[in-house]
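I have placed the structure first, in the form of structure tokens, so that the comments after it can refer back to it.
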Amino acid sequence: MSQEQAPGAQAPVFPSKQPKVEKLSGVKGMNDLLPPESARWEWLEAVVREQMARFAFRDIRTPILEHTALFVRGIGEVTDIVEKEMYSFEDRSDKHGQAEHLTMRPEGTAAVARAVIENNLLYDGGKRLFYMGPMFRREKPQRGRYRQFHQVGVESLGFAGPEADAEVILLAAALWKAIGLTEVRLELNSLGQPAERALHRAELIAHFEKHADKLDEDGKRRLHSNPLRILDTKNPAMKDVVESAPRLIDFLGAESLAHFDGLKAILDANGVAYTINPRLVRGLDYYNLSVFEFVTDRLGSQGTVCAGGRYDDLIAQIGGKPAPAVGWAIGVERVLDLMKEQGAAIAAPAPDVYAVVPDAAAMPVVLRTLQQLREAGVRVQMHAATVDGMGSFKSQFKKADASGATYALVFGADELARGEVTLKSLRDGSGAQTARPLAEVASWAATLQSPASNI
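Just so we're aligned, residue 243 is where the sequence shown starts under this note's numbering, counting upward by one.
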């Protein structure tokens, strides 16, 4: 019999192949932070907050976006950050055709200073502030140096004496002790005051002009705009010309030296070891007097884990009433990387209890019980159905064990019929099982809590 299509019949329509959906990826140098790694960040942030509280520093949170002029004026036009690293853009125009020029903050100090001025925070005296959050710089991503990176910073504002410089350094040293970092060392220098730097600057330019053939392109570009930054070069070919350059510390007057000596005396009294590095400068224009870095040899070229100093002129530079200030910033990624290098162990987060639920029909009772436990402070992970269902009793226990929970709480049909649940120990090797009454959750909830949080 003929298989030809009958007159008037339509040919079958087959669905065409769907186009492949392009997979999207994150921006290079702006990284996702995922469990369990995020637990290490939570742990560090908790330690930071504890240390800040001990030193009476208070949390401040500034916007990620600021007017570009804040950083140009505060950081300095002839700096790597302003010249080539900032993420800046012109915002949409308003109804008058005016558009704001905005920048994603590349560092925290200028933003804090702006907030202090705008909100008149120093009206009743000095303030000790700290911040934690992301910063943004457009540079080549590499180990410990990303386009979105995170900093912890402190700013001690309104205090002029060397004791304020010493206090923020002691705070950093206390933080290293609290998180178990040992392979960091403190380097100090003094940049003096503007008049002293001007004398040194003239001698520095004259020195580098005599050796112009030894300067790289970056050094030549900075020779007359920011010669102090040439001292911070990482180019080994320029080592000799930098080492022979005039030292800023030799140009300091009596007041600047007294401030530096006062800082060293306090550090000595507290047993904080340091070395004087006359070539230590900071990459931002607003620093004066004390500058310092905590550095390590374990992270290659990205060896600075904390950097800071005094910046008495910044608040006036951006329109505020002159006020002294000192602070530092820590690179969170670098600190955590260094902890890994040193083999520092941080306990993985784990619940106190994992709820094993053989039958989904029991969920109303299960969730009521788990909520009571959570309200009592117990950390609970509930087993939930996937597209394949609840899973076997054996598979649920495997997940309970993998969760790191101390106990499994079993909501079996027989137990529920008796108004009970079975509590099974997962960590002491005994596998001991005991019954717990559902009507008396509050009476036994506290026995399930870990003695200390392991975030």
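Positions of the beta carbon are idealized from the N, C-alpha and C atoms, including for glycine.
Top-ranked residue by Cα proximity to residue i, from the options
| i | options | result |
| --- | --- | --- |
| LYS382 | VAL394, MET328, ALA448, ALA357 | MET328 |
| SER467 | ALA406, LEU364, ALA440 | ALA440 |
| LYS641 | LEU612, ALA597, GLN613 | ALA597 |
| GLY631 | PRO606, ALA357, PRO679, ALA602 | ALA602 |
| GLU325 | LYS636, ALA590, PHE313, ALA627 | PHE313 |
| LEU556 | LYS337, ALA352, LEU665, MET624 | ALA352 |
| ALA587 | LEU423, GLN614, PRO305 | LEU423 |
| GLY400 | THR517, GLY367, MET480, ARG678 | GLY367 |
| HIS392 | ASP594, HIS625, VAL574, GLU657 | VAL574 |
| GLU438 | PRO488, LEU446, ILE447, PHE493 | PHE493 |
| VAL595 | ASP510, TRP686, ARG621 | ARG621 |
| ARG521 | SER692, PRO305, VAL533, ASP510 | VAL533 |
| ASP458 | LEU490, ARG443, LEU446, LYS481 | LYS481 |
| CYS548 | HIS501, ALA592, LEU578, TRP686 | LEU578 |
| PRO488 | VAL599, GLY619, LEU276, GLU451 | GLU451 |
| ALA567 | ARG356, SER280, ILE306 | ARG356 |
| ASP656 | PRO679, ASP670, SER645 | PRO679 |
Buried or exposed (CB count within 10 angstroms, at least 16 for buried), residue i
| i | result |
| --- | --- |
| SER672 | exposed |
| GLU535 | buried |
| PHE372 | buried |
| VAL263 | exposed |
| GLY318 | buried |
| MET243 | Any answer about MET243 is weak, because its pLDDT of 48 lies below 50 and its placement is not dependable; what the coordinates show is given next. Exposed, because fewer than 16 other Cβ atoms sit within 10 Å of the Cβ of MET243. |
| ARG282 | buried |
| SER398 | buried |
| GLU292 | exposed |
| SER695 | No answer about SER695 holds up, because its pLDDT of 44 lies below 50 and its placement is not dependable. |
| LYS636 | exposed |
| LYS369 | buried |
| SER498 | buried |
| GLN340 | exposed |
Span of the alpha helix (DSSP H), counted from its first residue to its last, around residue i
| i | result |
| --- | --- |
| GLN260 | Premise fails: GLN260 is in no alpha helix (DSSP H) and is neither H nor E. |
| HIS309 | Element bounds for HIS309: not the alpha helix (DSSP H) but the beta strand (DSSP E), 307–309. |
| GLY490 | Looking at the sequence itself, residue 490 is Leu, so the reference to Gly does not match. Unbroken run through LEU490: none, as it is neither H nor E. |
| PRO436 | 436–452 |
| THR351 | 351–360 |
| PRO606 | 605–617 |
| ILE572 | That residue, ILE572, is in no alpha helix (DSSP H); its beta strand (DSSP E) goes 567–573. |
Residue i - partner residues in DSSP beta bridges
| i | result |
| --- | --- |
| VAL622 | VAL595 |
| SER667 | TYR649 |
| ILE508 | None; ILE508 has no bridge partner. |
| ILE518 | LEU430 |
Rounded C-alpha distance that separates residue i from residue j
| i | j | result |
| --- | --- | --- |
| GLY268 | ALA659 | 51 Å |
| GLY403 | ASN361 | 24 Å |
| ASN477 | VAL290 | 35 Å |
| ASN431 | LEU417 | 22 Å |
| ARG540 | ILE359 | 39 Å |
| LEU505 | GLU332 | 44 Å |
| ALA454 | LYS462 | 7 Å |
| ALA448 | VAL354 | 37 Å |
| LEU470 | LEU364 | 32 Å |
| SER667 | ALA650 | 7 Å |
| ALA406 | GLY569 | 9 Å |
| LEU433 | ILE518 | 12 Å |
| VAL410 | GLY550 | 9 Å |
| LEU413 | THR546 | 17 Å |
Residue range of the unbroken beta strand (DSSP E) whose run includes residue i
| i | result |
| --- | --- |
| LYS369 | 369–378 |
| GLY551 | 546–552 |
| LEU344 | 343–346 |
Residue i Cβ short of 7 Å to the ligand ZN heavy atom set
| i | result |
| --- | --- |
| ASP407 | With respect to the ligand ZN, the structure offers nothing, as it holds no ligand at all. |
Below-8 Å beta-carbon distance, residue i vs any chain C residue
| i | result |
| --- | --- |
| GLY671 | You won't find chain C in this structure, because it holds only one protein chain. |
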